Amino acid sequence: VVSTQSTGNWRDCTIVSPDAGGAKRVVSIADRLNVNFALIHKERAIANEVERMTLVGDVTNRTAIIVDDMADTCGTVVKAAEKLREAGAKCVYAVMTHGVFSGPALNRLMESCIEAIVVSNTIPQHEKIARCPKIQVIDISSILGEAIRRTHNGESISYLLKNIPL
Numbered sequence: 075v076v077s078t079q080s081t082g083n084w085r086d087c088t089i090v091s092p093d094a095g096g097a098k099r100v101v102s103i104a105d106r107l108n109v110n111f112a113l114i115h116k117e118r119a120i121a122n123e124v125e126r127m128t129l130v131g132d133v134t135n136r137t138a139i140i141v142d143d144m145a146d147t148c149g150t151v152v153k154a155a156e157k158l159r160e161a162g163a164k165c166v167y168a169v170m171t172h173g174v175f176s177g178p179a180l181n182r183l184m185e186s187c188i189e190a191i192v193v194s195n196t197i198p199q200h201e202k203i204a205r206c207p208k209i210q211v212i213d214i215s216s217i218l219g220e221a222i223r224r225t226h227n228g229e230s231i232s233y234l235l236k237n238i239p240l
């Protein structure tokens, strides 16, 4: 998986939301890591068609890490990565919970400036990794198992999420 060796000094990164809807998530992650955050505001003239993207925050000479819940066709994440590079980011990584990767997603990723995209193993990725070596997978089974155990025993799930080791 993406390591401190491949990302350089991880404290010189900026956590980025590709849309306003993920702002709370990236602020929480950035606060926990004690790093900067940014977001991309999408303006649409027509539904489902982004007319313009505006970066809110500074990524100059920093590693940008886009965080979102799902990578489907990867149009938004690829456009966001291009915007971040234009704004001076040294390199761009993406971290998504679910890697759906439908339609043109794999081709878009391969042609993009994204160094790597990390997804959880909620969806099998073996075939897609063979076609797109930029995809990296992390195993979240132990976290899900602990969440199930906590739910069954009436224990706090919030505690689990706030105390995942870094």
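For the sequence shown, the residue numbers in the numbering used here are 75 to 240.
No residue lacks a Cβ here, since even glycine has one placed at the ideal position from N, Cα and C.
Note that the structure is a prediction, hence the values are computed from the model and not measured.
If you draw a straight line from the Cα of A104 to the Cα of R85, it is about 10 Å long.
Rounded to whole angstroms, the gap between the alpha carbons of R99 and P178 is 27 Å.
Secondary-structure assignment with DSSP links Y233 through no beta bridge to anything. Around the Cβ of D213, a 10 Å sphere holds fewer than 16 other Cβ atoms; the residue is exposed. DSSP places K116 in the uninterrupted beta strand (DSSP E) bounded by 110 to 120. Segment contact: the segment 219 to 237 against the segment 187 to 205, fewer than three CB-CB distances shorter than 8 Å; contact not assigned.
Around the CB of S232, fewer than 16 other CB atoms lie within 10 Å, so the residue is classed as exposed. When DSSP assignments are scanned along the segment 184 to 228, the uninterrupted stretches of beta strand (DSSP E) that are 3 or more residues long and fall wholly within it turn out to be 188 to 194, 209 to 212. With a cutoff of 8 Å on beta-carbon distance, V211 and N237 are scored as not near each other.
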